[in-house]
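Since the structure comes first, as structure tokens, the remarks are kept for the end.
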Amino acid sequence: MSVGLLTGSTLMKFIENKDAFENCVNEYFKRVDASGKGGISRDMLCKGFGGFFVPESDPQSKEEIERVCDTVFERFDKDQNGKIDRGEFGSLLREIMLAMAQGLGNTVVLVYLDRDGLLSRAIKHESAREK
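My numbering puts the first residue of the sequence shown at 1, with every later residue one more than the last.
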């Protein structure tokens, strides 16, 4: 685990770079879609959710994770087929990142980073652009 500086602008630039963001979405989707069938079931999402969005230092109860998964399916399973497809998953990640960017604004925050996490990718993206 490493440490990085993060602002809302860092996240916005990452989201706005369609290629970088879509590559990240594709990679994360493949990780969570363990069956490779092109859709993420509620159970798969709940299992994968903790790995992407729940900080290790703040373990969530199974009930909390299930409530979040219920909300995700209500909001993002647009065709209500019981699976989150690649497009729906991209919308979910985009909304999460946009909410984080809006919440941060111009505030500089020191964050712990997972090597393959979304925030780490956003910071690496910004660093590469500055070179």
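Positions of the beta carbon are idealized from the N, C-alpha and C atoms, including for glycine. Here the structure is a predicted model, which is why all the values come from computation and not from measurement.
Bounds of any alpha helix (DSSP H) do not take in V108, whose DSSP letter is neither H nor E. For G8, the enclosing alpha helix (DSSP H) has its first and last residue at G8 to E16.
Annotation for H125: F14 and A20 place their beta carbon closer than 6 angstroms to its own, counting only its chain and skipping 5 residues before and after.
When the five nearest sequence neighbours on each side are left out, no beta carbon in the same chain lies closer than 6 angstroms to the beta carbon of K30. In the three-state reduction of the DSSP assignment, S120 falls in the helix class. DSSP, reduced to helix, strand and coil, places G38 outside both helices and strands of the structure shown, so it counts as coil. In the structure shown, G82 falls within a coil segment according to DSSP collapsed to helix, strand and coil. If you draw a straight line from the Cα of V3 to the Cα of A34, it is about 29 angstroms long.
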